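Chains as they are written, first to last, in my numbering: chain X, 89 to 317; chain W, 7 to 251.
Every residue gets a Cβ at the ideal spot worked out from N, C-alpha and C, and that includes glycine.
Owing to the predicted nature of the structure, the values given are computational and were not obtained by experimental measurement.
What follows is a single structure, written as structure tokens, with notes after it.
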Amino acid sequence: MWEQLIEEAPRFFSYYNMLFFAKALGTTFALSAIGCVVGFTLGFVLAAIRLTTHPGLKPVRITVQLVTELVRRIPFLVTLMLVFFIFQGLDADLSMFTVALFSVCLIATAFIAEIVRSGLESVHHNQWDAAATLNFSYWQVLWWVIIPQAWKIILPPVFGFFVLFIKDTALASQIGVIELAFAGKTMTNKGFSATLVYGTVLLLYFVLSYPLARFGKYLETRLAPTQDR
Amino acid sequence: MPQLKIVDLKANYGTHTVLERINLNVDKGEIVSLIGPSGSGKSTLLRVLMGLLPPISGEVHINDQPLNYRDRDQLRRIRAEMAIVFQQYNLFQNMSVLENVTVAPVKVKGRPRQQVEAYARELLEKVGMGAKLDAYPDQLSGGQQQRVAIARALALQPSILLLDEVTAALDPELVNEVLDTVRLLAADGMTMFIVSHEMAFVREVSSKVVFMDAGHVVEVGGPADLFDRPREARTREFVGKILRH
């Protein structure tokens, strides 16, 4: 086997093949990074909306809950297909990348909204009471009291989700987006050995997710509440 | 003119009525203690007064002004006039002692930080916590946390202070350090509502004692009257049980 790999390697690691992988890596990175950032931001907003108590906002709360629960329960691939066909039905002339990106953001938002919501709810209710009696507004309580205490609980599952999520972007290959998994398939179809191709793909996924996991750990220690200071 | 007037107040938890026909007048500088068995509605009354549980009906007047808890602006005014100290202290765990005391005046009321901090230091000194400004709540004992909580409530310069069983969660040894702080405030002429099971303390410090049972006010009187010459049978029974041990 080694002989075959050594024989194949120079052809495999050619300039154009590497360029192809680099582009695919870029696409996977873009899907993951934009998905993570958008998912984190919107997820936070949705979670914050779900924790409001104002009776006037009830329809908004219910809608948010419905959408997040629905998206979380539909398999990633099905969501992708749904978004794909909905955009097609609307005659929207969007690239496959945009369709994939939209799906990816939708999924990340729904999952992170749920993680953040449970994290925010884990902060003892007496903190809300105390802040309310001091005339804090809802957003002030959230920003100054609840979120700083919830970080430590929210971050580990969020980064756990990010790492899973990077790998799940591979499903975008199903609608023809050329990202890492798609690149891997193309290269094996060209006749390169699976060991070499998927070994490279594995390495590239690792390159994407490892720094993210480290960053998560770093944030966890930096934002840790008082007892660890 | 009473500083605080409660008229026919009623409150529910869900469909369960927890307070009914509460009428009470409190003059400026008065120290009103609420006593009664657990579940009689004492703490609930304080929660209702702070707007944490909106009343079903009835009115609360502060300085002869009727205030509506359903109206956001009026609720803000109520909360500017009154401050509460909770049984479980409820200090913000993510803030130091000094931040806990200054956060509301600086960020909510928009007062200049320097001025607020100077006042906060003064208050913390007064409650004996001047040496712990940079400590975090989880580094303090219960009694220390409770004294910080009192300073936090005072930092907003309320005209009425509500104390909800402030010693109930404390070790017996720590009870006195908190009670001493309350005595200090009483001597300053602060209007206070005290829910407490420390009967000796209630008797010593109160100008008026309110006995509550099952969501009703049963009897109101001076401490000597209520403890020594209760008029109502239910009060007699409660006081008798307490004094026996």
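Would you kindly report the start and end of the unbroken beta strand (DSSP E) that includes residue i?
{"i": "S253 of chain W", "result": "Past the edges of chain W, shown from 7 to 251, lies residue 253 of chain W, and the structure says nothing about it."}
{"i": "I200 of chain W", "result": "197–201"}
{"i": "E267 of chain X", "result": "Per DSSP, E267 of chain X belongs to no beta strand (DSSP E) and is neither H nor E."}
{"i": "M5 of chain W", "result": "The structure shown does not extend to residue 5 of chain W, since chain W spans only 7 to 251, so no value can be given for it."}
{"i": "K11 of chain W", "result": "10–19"}
{"i": "N29 of chain W", "result": "22–32"}
{"i": "I90 of chain W", "result": "88–91"}
{"i": "L167 of chain W", "result": "166–170"}
{"i": "H222 of chain W", "result": "222–227"}
How many Å lie between residue i and residue j at the Cα?
{"i": "W216 of chain X", "j": "S225 of chain X", "result": "10 Å"}
{"i": "V148 of chain X", "j": "I137 of chain X", "result": "8 Å"}
{"i": "R160 of chain X", "j": "S261 of chain X", "result": "21 Å"}
{"i": "E87 of chain W", "j": "I241 of chain X", "result": "36 Å"}
{"i": "R317 of chain X", "j": "G304 of chain X", "result": "Because the pLDDT of R317 of chain X is 43, which lies under 50, any placement of that residue in the model is unreliable, and the question is left without a value."}
{"i": "Y95 of chain W", "j": "V211 of chain X", "result": "15 Å"}
{"i": "D181 of chain X", "j": "F175 of chain X", "result": "8 Å"}
{"i": "W227 of chain X", "j": "I234 of chain X", "result": "10 Å"}
{"i": "Q153 of chain X", "j": "P236 of chain X", "result": "24 Å"}
{"i": "L207 of chain W", "j": "L249 of chain W", "result": "Looking at the sequence provided, one finds Phe at residue 207 of chain W rather than Leu. So the alpha carbons of these two residues sit roughly 13 Å apart."}
{"i": "V171 of chain X", "j": "G127 of chain X", "result": "16 Å"}
{"i": "C193 of chain X", "j": "F280 of chain X", "result": "33 Å"}
{"i": "T108 of chain W", "j": "T186 of chain X", "result": "48 Å"}
{"i": "L55 of chain W", "j": "V66 of chain W", "result": "8 Å"}
{"i": "R302 of chain X", "j": "L311 of chain X", "result": "14 Å"}
{"i": "A239 of chain W", "j": "A220 of chain W", "result": "14 Å"}
{"i": "Q163 of chain W", "j": "L97 of chain W", "result": "18 Å"}
{"i": "A201 of chain X", "j": "L300 of chain X", "result": "19 Å"}
{"i": "G47 of chain W", "j": "E171 of chain W", "result": "12 Å"}
{"i": "T116 of chain X", "j": "L208 of chain X", "result": "31 Å"}
{"i": "E179 of chain W", "j": "L191 of chain W", "result": "21 Å"}
{"i": "F233 of chain W", "j": "D144 of chain W", "result": "39 Å"}
{"i": "V223 of chain W", "j": "A159 of chain W", "result": "26 Å"}
{"i": "H22 of chain W", "j": "Q99 of chain W", "result": "33 Å"}
Is there a Cβ from chain W that is less than 8 Å from the Cβ of residue i?
{"i": "L222 of chain X", "result": "yes"}
{"i": "W232 of chain X", "result": "yes"}
{"i": "A32 of chain X", "result": "Here chain X covers residues 89 to 317 and nothing more, so residue 32 of chain X does not appear."}
{"i": "Q215 of chain X", "result": "yes"}
{"i": "Q315 of chain X", "result": "With a pLDDT of 48 at Q315 of chain X, under the threshold of 50, the modelled position of that residue is not reliable, and no figure is offered here."}
{"i": "P163 of chain X", "result": "no"}
{"i": "A136 of chain X", "result": "no"}
{"i": "A301 of chain X", "result": "no"}
Of all the options the options, which has the alpha carbon lying nearest to the alpha carbon of residue i?
{"i": "V216 of chain W", "options": "W:E210, W:G35, W:I200, W:K113", "result": "W:I200"}
{"i": "Y293 of chain X", "options": "X:K255, X:F280, X:A301", "result": "X:K255"}
{"i": "M198 of chain W", "options": "W:L52, W:V109, W:R119", "result": "W:L52"}
{"i": "N18 of chain W", "options": "W:T50, W:P8, W:V38", "result": "W:T50"}
{"i": "P98 of chain X", "options": "X:A238, X:V187, X:I122, X:V285", "result": "X:V285"}
{"i": "F132 of chain X", "options": "X:G144, X:L168, X:S206", "result": "X:S206"}
{"i": "L81 of chain W", "options": "W:P61, W:V109, W:V133, W:K113", "result": "W:P61"}
{"i": "V133 of chain W", "options": "W:R242, W:Q163, W:E183", "result": "W:E183"}
{"i": "I37 of chain W", "options": "W:E131, W:S212, W:E238, W:D231", "result": "W:S212"}
{"i": "Q150 of chain W", "options": "W:L168, W:E131, W:N69", "result": "W:E131"}
{"i": "D33 of chain W", "options": "W:I90, W:R240, W:M7, W:P72", "result": "W:M7"}
{"i": "V125 of chain X", "options": "X:T140, X:F253, X:T274, X:T276", "result": "X:F253"}
Quick one: does residue i have its CB under 8 Å from some CB of chain X?
{"i": "L15 of chain W", "result": "no"}
{"i": "F207 of chain W", "result": "no"}
{"i": "I90 of chain W", "result": "yes"}
{"i": "F199 of chain W", "result": "no"}
{"i": "N100 of chain W", "result": "yes"}
{"i": "V109 of chain W", "result": "yes"}
{"i": "G20 of chain W", "result": "no"}
{"i": "A86 of chain W", "result": "yes"}
{"i": "M218 of chain W", "result": "no"}
{"i": "V24 of chain W", "result": "no"}
{"i": "N96 of chain W", "result": "yes"}
How would you write the range of the alpha helix (DSSP H) that residue i sits in, first residue to last?
{"i": "S49 of chain W", "result": "48–55"}
{"i": "G177 of chain X", "result": "164–177"}
{"i": "T283 of chain X", "result": "282–310"}
{"i": "M205 of chain W", "result": "205–211"}
{"i": "E65 of chain W", "result": "No alpha helix (DSSP H) holds E65 of chain W; the beta strand (DSSP E) holding it covers 63–68."}
{"i": "P147 of chain X", "result": "146–161"}
{"i": "P72 of chain W", "result": "Not the alpha helix (DSSP H): P72 of chain W falls in the beta strand (DSSP E), residues 71–73."}
{"i": "W231 of chain X", "result": "Where W231 of chain X is concerned, there is no enclosing alpha helix (DSSP H), given that its DSSP letter is neither H nor E."}
{"i": "F100 of chain X", "result": "90–100"}
{"i": "D77 of chain W", "result": "Here D77 of chain W belongs to no alpha helix (DSSP H), and DSSP marks it neither H nor E."}
{"i": "K132 of chain W", "result": "119–132"}
{"i": "E238 of chain W", "result": "Neither: E238 of chain W is in no alpha helix (DSSP H) and is coded neither H nor E."}
Is the shortest distance between the beta-carbon of residue i and the beta-carbons of chain A less than 8 Å?
{"i": "R82 of chain W", "result": "Chain labels in this structure do not include chain A; the protein chains are X and W."}
Three CB pairs or more closer than 8 Å across the segment 25–33 of chain W and the segment 268–278 of chain X
no
Using 8 Å as the Cβ pair cut-off and three pairs as the minimum, do the segment 234–253 of chain X and the segment 89–106 of chain X touch?
No, they do not touch.
Does the segment 131–146 of chain W touch the segment 100–118 of chain W, meaning 3 or more C-beta pairs lie closer than 8 Å?
yes
Across the segment 179–195 of chain W and the segment 110–121 of chain W, are there enough close Cβ pairs to call them in contact, namely three or more that are closer than 8 Å?
Counting Cβ pairs under 8 Å, fewer than three are found: no touch.
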